[in-house]
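Its first residue numbered 0, the sequence shown is counted upward by one per residue in numbering that gives the first Met the number 0. Input: a single structure, listed below in structure tokens.
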Amino acid sequence: MIKKVFIYGSAQLGIQIAWFINNDYEILGFIDTDPRKHTINGGGYIKVDNKDYIIYDPDILLDMQVDKIFIGTEVDIYIAQIKNTLLNYGISDDKIDLSLTFIPYYARLNFIKTISLGFQEENITGAVAELGVFRGKTAREINRFFKDDMFYLFDTFEGFSEKDIIKETGLARQANTNDFSNTSLDFVKKQMLYLDKCCFVKGYFPESVAQISQDEKFKFVNIDVDLYQPILEGLEYFYPRLVKNGVILIHDYFHPYYTGAKKAVDEFCQKMNLRCLPIGDAFSVAIFK
Ligand SMILES: C[S@@+](CC[C@H](N)C(=O)[O-])C[C@H]1O[C@@H](n2cnc3c(N)ncnc32)[C@H](O)[C@@H]1O
Numbered sequence: 000m001i002k003k004v005f006i007y008g009s010a011q012l013g014i015q016i017a018w019f020i021n022n023d024y025e026i027l028g029f030i031d032t033d034p035r036k037h038t039i040n041g042g043g044y045i046k047v048d049n050k051d052y053i054i055y056d057p058d059i060l061l062d063m064q065v066d067k068i069f070i071g072t073e074v075d076i077y078i079a080q081i082k083n084t085l086l087n088y089g090i091s092d093d094k095i096d097l098s099l100t101f102i103p104y105y106a107r108l109n110f111i112k113t114i115s116l117g118f119q120e121e122n123i124t125g126a127v128a129e130l131g132v133f134r135g136k137t138a139r140e141i142n143r144f145f146k147d148d149m150f151y152l153f154d155t156f157e158g159f160s161e162k163d164i165i166k167e168t169g170l171a172r173q174a175n176t177n178d179f180s181n182t183s184l185d186f187v188k189k190q191m192l193y194l195d196k197c198c199f200v201k202g203y204f205p206e207s208v209a210q211i212s213q214d215e216k217f218k219f220v221n222i223d224v225d226l227y228q229p230i231l232e233g234l235e236y237f238y239p240r241l242v243k244n245g246v247i248l249i250h251d252y253f254h255p256y257y258t259g260a261k262k263a264v265d266e267f268c269q270k271m272n273l274r275c276l277p278i279g280d281a282f283s284v285a286i287f288k
């Protein structure tokens, strides 16, 4: 008998899991904690291989029997919250499937590590940076892979700014200044493996760049700020400061809600006559110099 499953998380990771499993399981729909995304509230449907799936509130678990729930978010604190929610709905641990949750994340880390090894082999020098650090999960790995390089970490460390949110359209317009505020500079410092190589640039980007030397050159930059305005500003700032063969990685290009990410990258690439390439993690594209 074909197993009936829900996917918890209706953004790009959830969709990517659906692409992967839809021949082997009956997907009953998506579940999301955020009421703005529910189909019944105008959040729309998720189309996967020409089939429309409903986005439900977790309460659907009171009405429908399910064999398995795939977790479609890679953020640790959200995974813990979802597991808790599911347990409260009587879903046992063995029905919670995390086997596909981290595949895109590891693909992305693999890309970053491969780039770092290539730079070592070719003696390409320069600083590295992350714009959009949150709790430092990816920053820790960047710091590990580029342990001998100066690492700039740009974030408000307080979440999104209203100045950026008002430029969004569609569902991203509902982004909130509380989103990603569950962090602090001290917390992130503790995650780093080579703290002496880290320069924390706390504040609203691009204004925060005044805190560093404008002559710095970068070989790798990870832009992960979700919204149109800071992504565009990030590209405008870092691309001219990229060394030859340097790489900028941009997250969320394929995100169904944060559509400003693709808009910013496409606009920048068109203006500069550049091409961006998907890196195979279902989220991100890279630009090379
Ligand atoms: C998705 S999170 C980053 C996740 C992180 N890269 C990781 O791997 O865990 C997005 C971050 O971008 C930051 N951000 C968004 N707009 C910003 C801006 N204009 N200036 C500084 N930080 C910003 C937010 O504070 C948030 O921490």
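Glycine is no exception: its CB is placed at the ideal position from the N, C-alpha and C atoms.
Short Cβ contact (8 Å threshold) for residue i with residue j
i	j	result
T84	G8	no
F69	I30	no
T137	K218	no
V220	V127	yes
D251	F287	no
W18	V47	yes
R240	E206	no
I45	I39	no
I59	N181	no
Distance between residue j and residue i (C-alpha atoms, nearest Å)
i	j	result
A106	G279	7 Å
I247	H254	18 Å
P57	I111	35 Å
K3	K67	7 Å
F179	F133	6 Å
L108	D223	14 Å
E294	I1	No statement about residue 294 is possible, as the shown extent of the chain runs from 0 to 288 and does not include it.
C275	S98	29 Å
Q15	T100	10 Å
S115	E161	35 Å
G169	Q119	42 Å
L86	Q80	10 Å
V208	F237	11 Å
Option in the options with minimal Cα separation from residue i
i	options	result
C268	L234, N244, T113	L234
A260	L276, P239, I230, C275	I230
N175	V187, E157, M191, Q190	E157
E121	V264, N49, L97, V242	V242
L130	Y252, K201, I54	K201
I102	E215, V284, V264, L12	L12
D62	I90, Q210, N21, E140	I90
D195	R139, H37, N272	R139
Status (buried if at least 16 other CB within 10 Å, exposed otherwise) for residue i
i	result
G41	exposed
D93	exposed
F186	exposed
K50	exposed
T113	exposed
K189	exposed
Same chain only: Cβ atoms within 7 Å of residue i, ignoring 5 sequence neighbours per side
i	result
C197	N142, F150, L152, M191
Residues of its chain near residue i, where Cβ-Cβ distance is below 8 Å and the 5 sequence neighbours each way are ignored
i	result
L226	F159, D163, I164, K166, E167, A171, A174, Y257, G259, A260
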